[in-house]
Every structure is written in C-alpha cells, then in structure tokens.
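Just so we're aligned, residue 4 is where the sequence shown starts under the working numbering, counting upward by one.
Working notes, beginning with the structure itself.
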Amino acid sequence: MSQRWRFRGQIAGVGSTSGVRVVVGRWADTHLGPFGDAMVETPDSHRVLVAPTEAVAEFICATYEFDEVRLEPITVSGSPGQWRVESQSLVLRIGVGGRMPLGLLLRLVPARVAASPAWATAIDPVVRVVLPGVRTRGTASAGRREFYGATDLHAVTELSGRFDGADLGSLAPVDPPCSFGFSSTPRRPGVTDVVTTVTVRD
C-alpha cells in the first residue's frame, strides 16, 4: 500500500544581490487546504522554512531539510504580474513578466500528462541536462518520492524585500543553487505552474 498527496499551485524561485535565495510556494489545492510558504537560504547556507501552521511545517520537513523552522502567518497574494509575500520574517515584492520559451514548450503538453509522475520520470534525464541542478523526480526522507509536473513558466523581472529586517537588494540569479532537497529551482528566476505529487509506501 502507498499514500499519495497532490499539491497544485505555483512556485517562485528568486535570488537577490544580498546572496539570499528564496523559494515561495503559492498552493491553491492541497489536502492541507490553500496556503503559502517560503524556503529561505542565506549566503552562509542557513536554511529557514517559514510555514503558516504546524501541519504544513511537518509535511514539508518530512520532504525537505532545514536548519530552522518558523511558524508564522504568511500570505502570498497579488495579481499574476505582481506577487506580495508577507510574514513576520519575510517581505517580498516579486514582479512577474512574460512566458519564457520553456513555458511555451510546457504548454504544448496536455495538462493531465504533464502532471503525471510517469511524465516527470520520463523527462528527468533531459531536465538535468537543460537545467543543471533541477530535477523532476527524486527521493526524500522517510521513503518519500516526489514528482514535479511543471505546466507553465514565467520570468521574474524584479524583486524587492527584506528578511529579518535586512534589505535583500535587487533581483539576481538563484546561485548557488538552493539546498533544501534533491532539486533546486532554475538558476534564472521564474514562476512555475506545477503539480507536485508526493508518495510514500507504507
């Protein structure tokens, strides 16, 4: 027997001139309800999870690795062209631009196919070459397996914000790659529409 959970939403991956890299989740459909979260990695590789509830934090921490977990109300809101992320620790304004060339290719794949673990498994070897550091499938802790089904990709065009009161500067590549788990976000900042499937065998 195995368990399966699906998360439908968007992921924004951004770097900053301060050296802080952030991965923001904006999840519209999950078994935990809609929520937002943020994974922050500082220049000295300190990894922080900002999560709205203990249940969300527990689920994420069973899949990814962090040095610190902060339970804080966090909102991820705004229009398709402008994200706003707000919590006690983190404030971000993310400008989102047009669809990237890879996004055009992703749109050609039927949504049901793109969201399937079988498709994520099939394209993983290609993604590793095209987007170094990025994986579409992998194994996490406690026997969990995770599959990323990307369906669209838009460029991030601007960034401003603060983390723990310190200014993040302006937008920069996600470099070095984030080290929360088996996969990083692409080096070029972007917003990915995604269906994430997590499975675990009892």
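Cβ atoms here follow ideal geometry from the backbone N, Cα and C, with glycine treated the same way.
Task: Delimiting residues of the alpha helix (DSSP H) encompassing residue 154 - done: For residue 154, there is no enclosing alpha helix (DSSP H); the enclosing beta strand (DSSP E) has its first and last residue at 147-166.
Open item on the list: Using a Cβ distance threshold of 8 Å, determine whether the region 167-177 contacts the region 17-24, with at least three qualifying pairs required.
Closed with: Taking one beta carbon from each stretch, the region 167-177 and the region 17-24 have 3 or more pairs nearer than 8 Å; the two touch.
Task: Helix, strand or coil at residue 129 according to DSSP, with G and I counted as helix - done: The answer is helix: DSSP assigns residue 129 an H, G or I state.
TODO: Would you kindly work out how many angstroms separate the C-alpha atoms of residue 63 and residue 111, rounded to a whole number?
DONE: If you take the alpha carbons of residue 63 and residue 111, they lie about 30 Å apart.
Task: Contact belief for residue 197 with residue 81 at Cβ below 8 Å, rounded distance in angstroms - done: With 8 Å as the limit, residue 197 and residue 81 do not qualify as a contact, their Cβ atoms being about 18 Å apart.
Task: 8 Å Cβ shell around residue 176 - same chain, five flanking residues per side excluded - done: If you ignore the 5 residues before and after residue 176, its C-beta comes within less than 8 Å of the C-beta of 18, 190, 191, 192, all in its own chain and listed in chain order.
Open item on the list: Is the beta carbon of residue 200 closer than 9 Å to that of residue 120?
Closed with: Yes, Cβ-Cβ distance for residue 120 and residue 200 is below 9 Å.
Task: Beta-carbon gap between residue 164 and residue 88 smaller than 9 Å - done: Cβ atoms of residue 164 and residue 88: closer than 9 Å.
Open item on the list: Output needed for residue 37: all residues of its chain with C-beta closer than 7 Å, excluding positions within five of it in sequence on either side, in chain order.
Closed with: So the qualifying residues of the chain are 30, 31.
TODO: Classify residue 108 as helix, strand or coil using the three-state DSSP reduction.
DONE: Residue state, collapsed to three classes: helix.
Open item on the list: residue 77 and residue 39 - do their beta-carbons sit closer together than 9 Å?
Closed with: Taking a C-beta distance under 9 Å as the contact criterion, residue 39 and residue 77 qualify as a contact pair.
- [ ] Could you check which residue in 92, 130, 41 has the C-alpha nearest to that of residue 108?
- [x] Just measuring C-alpha positions, the residue of 92, 130, 41 sitting nearest residue 108 is 130.
TODO: Indicate the three-state DSSP secondary structure (helix, strand or coil) for residue 31 in the structure shown.
DONE: Strand at residue 31.
Task: For residue 50 and residue 57, believed in contact at Cβ under 8 Å, the rounded distance - done: Contact between residue 57 and residue 50 does not hold, since their C-beta atoms are separated by about 19 Å, which reaches or exceeds 8 Å.
- [ ] Determine which residues share a DSSP beta bridge with residue 95 and list them.
- [x] Paired residue(s): 88, 164.
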